[in-house]
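Comments concern the structure below.
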Amino acid sequence: MLITFEGIDGSGKTTQSRRLFNYLKEKGLPVHIFREPGGTQLAESLRKILLEEELDERGELLLFEAARADLCSKKLLPLLDAGEIVILDRFTDSTLAYQGYGRGIDLELVKTLNTFSTFGLRPDITFLLDIDVETALERVREKTRFDEPLFLEKVRRGFLEIAREEPDRVVLIGSKRSEDEVFEDIVRVLKDRTGLI
Ligand code: TMP
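For the sequence shown, the working numbering gives the first residue as 207, with consecutive numbering after it.
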């Protein structure tokens with residue numbers, strides 16, 4: 207099973223994905239967690255470039271996809287084939303929201319590259335943590351070149367559009383609440399929708 211967490215920077219997805227990882231691990235389930243971009247040596251090197259260098263938007267898109275292809279082929283596909291559970295802090299929806307809706311790159315092109323880099327892998331369930339940009343940015347301690355308010359407004363709208371288009375997969379969770387309240391919602395939905403726990 208592949209469970210992904212998505213949302214703008216400061217939405218709380220890193221905290222919540224780690225919390226779910228610990229929760230499932232304590233229950234004795236075979237679970238792994240990775241962040242994107244990252245999760246392999248190559249993808250972590252690409253992450254550093256992506257966060258620190260001023261890249262052309264096409265190069266940026268391709269490097270996110272290259273990092274993802276490496277993670278998918280080396281880690282995700284083998285683990286999922288072995289029947290293990292994988293939690294991801296960001297996946298393909300981030301590219302559609304940031305590079306597609308945010309940077310304005312053709313959405314169909316981004317979708318095609320997402321399918322290519324993942325070998326067609328699709329999450330079983332996606333938690334989209336939604337929060338207003340102002341509150342989210344107050345929570346971000348180390349800001350990156352992606353943390354521009356107007357850009358994140360477009361990204362947020364993109365995420366909401368994805369949730370509207372794929373309600374069977376994407377669960378919208380309001381995250382302008384306490385960590386505990388958000389986590390309770392996530393566990394409840396995971397129980398209802400997947401029967402995993
Ligand atoms: P993180 O801080 O959530 O780990 O993500 C690093 C940054 O990379 C974040 O600002 C969002 C951005 N990003 C994209 O623009 N496109 C992508 O496909 C991914 C995975 C992340």
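Just so it is clear, CB atoms sit at the ideal spot from N, CA and C, and this is done for glycine as well.
Note that the structure is a prediction, hence the values are computed from the model and not measured.
| said: Taking 9 Å as the threshold (C-beta atoms), are I379 and L343 in contact? | reply: Taking the first residue of the sequence shown as position 1, residue 343 is located at position 137. Taking the first residue of the sequence shown as position 1, residue 379 is located at position 173. Cβ distance not < 9 Å, so L343 and I379 don't count as in contact.
| field | Residue span of the alpha helix (DSSP H) that contains E259, given as start and end | value | Locating residue 259 in the sequence shown gives position 53, where the first residue counts as 1. DSSP places E259 outside any alpha helix (DSSP H), giving it a letter other than H or E.
| field | C-beta atoms of R362 and I214 nearer than 9 Å | value | As a first step, residue 362 must be located in the sequence shown, where it is residue number 156. As a first step, residue 214 must be located in the sequence shown, where it is residue number 8. Yes, these two residues count as a Cβ contact at 9 Å.
| Delimiting residues of the alpha helix (DSSP H) encompassing I337 | For the purposes of this step, residue 337 is taken as residue 131 along the sequence shown, with counting starting at 1. In the DSSP annotation of this structure, I337 is not part of any alpha helix (DSSP H), being labelled neither H nor E.
| query | Who are the near neighbours of L313 in its chain, counting only those whose CB is closer than 8 Å to its CB and skipping five residues on each side? | reply | Here residue 313 refers to the residue found at position 107 when the sequence shown is read from its first residue. For L313, where only same-chain residues beyond five positions count, the Cβ hits under 8 Å are L302, G306 and Y307.
| query | Going by DSSP, what residues sit across from E212 in a beta bridge? | reply | As a working mapping, residue 212 is identified with position 6 in the sequence shown. Residue pairing by DSSP places E212 opposite L334 in a beta bridge.
| Short Cβ contact (9 Å threshold) for L285 with P329 | Looking up residue 285 in the sequence shown gives position 79. Looking up residue 329 in the sequence shown gives position 123. In this structure, P329 does not lie closer than 9 Å to L285 by Cβ.
| task | Please confirm if G244 has its CB atom under 9 Å from at least one CB of chain D. | result | Looking at the structure shown, chain D is missing, and only one protein chain is on hand.
| Inter-residue Cα distance where the pair is F325 and K317 | Within the sequence shown, the letter at position 119 stands for residue 325. Within the sequence shown, the letter at position 111 stands for residue 317. Inter-residue distance for F325 and K317 is about 12 Å (C-alpha atoms, whole angstroms).
| query | Whose CA, out of F211, M207 and S217, lies closest to the CA of S384? | reply | Counted from its first residue, the sequence shown places residue 384 at position 178. A check of alpha carbon separations from S384 across F211, M207 and S217 identifies S217 as the nearest.
| said: If I measure Cβ to Cβ from C278 and keep anything under 7 Å in the same chain, skipping five residues before and after, which residues do I get? | reply: Here residue 278 is taken as the residue at index 72 of the sequence shown, counted from 1. Excluding positions up to five away in sequence, the list reads S323, T324, F325 and L327.
| request: Mind checking which residues open and close the alpha helix (DSSP H) that includes L285? | output: Numbered from its first residue, the sequence shown carries residue 285 at position 79. Segment L283 to D287, the alpha helix (DSSP H) holding L285.
| query | Can you find a heavy atom of the ligand TMP that lies under 8 Å from the Cβ of Q305? | reply | By one-based count along the sequence shown, residue 305 stands at place 99. Answer for Q305: yes, Cβ within range of the ligand TMP.
| query | Between the beta-carbon of I291 and the beta-carbon of L230, is there less than 9 Å? | reply | The residue given as residue 291 occupies position 85 in the sequence shown. The residue given as residue 230 occupies position 24 in the sequence shown. Contact flag set, yes.
| Beta-carbon gap between R296 and E212 smaller than 9 Å | Taking the first residue of the sequence shown as position 1, residue 296 is located at position 90. Taking the first residue of the sequence shown as position 1, residue 212 is located at position 6. E212 sits close to R296, with the two beta carbons spaced by under 9 Å.
| field | DSSP bridge partner residues for F240 (one or two, in chain order) | value | For the purposes of this step, residue 240 is taken as residue 34 along the sequence shown, with counting starting at 1. In the DSSP output, where bridge partners are listed per residue, F240 has L294.
| query | What are the start and end residues of the alpha helix (DSSP H) that includes K388? | reply | As a position in the sequence shown, residue 388 is number 182, starting the count at 1. First, the amino acid is wrong: residue 388 is Val here, not Lys. E385 to T400 is the extent of the alpha helix (DSSP H) around V388.
| task | State buried or exposed for P236, treating a residue as buried only when at least 16 other CB atoms are found within 10 Å of its CB. | result | The sequence position of residue 236 within the sequence shown is 30, counting from 1. By the beta-carbon neighbour count (other beta carbons within 10 angstroms, threshold 16), P236 is exposed.
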